[in-house]
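Visitor: Each position in the sequence shown, counted from 1, maps to that position plus 16 in the numbering used here. Glycine included, each C-beta is placed from N, C-alpha and C at the ideal position. I have a structure here, written as structure tokens, and I will follow up with some questions on it.
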Amino acid sequence: LNERKVLDAIDVQKDVDGLSIHNLGSLAQPSGSPLVVPCTPAGCMELLKRSGVDVAGKECVVLGRSGIVGMPMALLLIRANATVTMCHSGTVDVVSACKRADVVIAAIGKPGFVKGEWLKQDCIVIDV
Numbered sequence: 017l018n019e020r021k022v023l024d025a026i027d028v029q030k031d032v033d034g035l036s037i038h039n040l041g042s043l044a045q046p047s048g049s050p051l052v053v054p055c056t057p058a059g060c061m062e063l064l065k066r067s068g069v070d071v072a073g074k075e076c077v078v079l080g081r082s083g084i085v086g087m088p089m090a091l092l093l094i095r096a097n098a099t100v101t102m103c104h105s106g107t108v109d110v111v112s113a114c115k116r117a118d119v120v121i122a123a124i125g126k127p128g129f130v131k132g133e134w135l136k137q138d139c140i141v142i143d144v
């Protein structure tokens, strides 16, 4: 199956996961208004908010670049004025990126991937 063809066949009004070009593209625009935001990244932002974490001005690392979690997570953090580094399978030094981070969002599907020694004091970690 061609993933892009399948996603493009979904009516934007019925794109409940926010994966269409319209929704992700709108999310990427500073003044964009996506019809739907993928629920897991939206839930992470809500968790940060309810925990009293303001990401504005903070160094945030997103591990993973999937269209359903990693990419929209990075875009939501950017919209909240965070400074974002996205790490993925091609990133040479994930550990250094994590050591600088105030917030790490691990969205790679590997439990226990992030090690405690990679994190600075008071770093917030969400393992999706």
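According to DSSP, simplified to helix, strand and coil, what is T101?
Guide: Correct three-state label for T101: strand.
Visitor: In terms of alpha-carbon separation, which member of V108, L91 and G106 lies closest to V100?
Guide: Of the candidates V108, L91 and G106, the one whose C-alpha sits nearest the C-alpha of V100 is L91.
Visitor: Here's the rule I'm using: 16 or more other beta-carbon atoms within 10 Å means buried, otherwise exposed. How should L17 be labelled?
Guide: Exposed, because fewer than 16 other Cβ atoms sit within 10 Å of the Cβ of L17.
Visitor: Under 8 Å between the Cβ atoms of L40 and G83?
Guide: Against a cut-off of 8 Å, the Cβ pair of G83 and L40 comes out as a contact.
Visitor: For L63, does the three-state DSSP call read helix, strand or coil?
Guide: Three-state result, L63: helix.
Visitor: Going by Cα to Cα distance, which pick from P127, I124 and K115 is closest to I140?
Guide: Minimum Cα distance to I140 is reached at K115.
Visitor: Considering only residues of the same chain and omitting the five flanking positions on each side of N97, which have a CB-CB separation below 8 Å?
Guide: So the qualifying residues of the chain are V71, A72 and G73.
Visitor: Three-state secondary structure (DSSP) at C139?
Guide: Correct three-state label for C139: coil.
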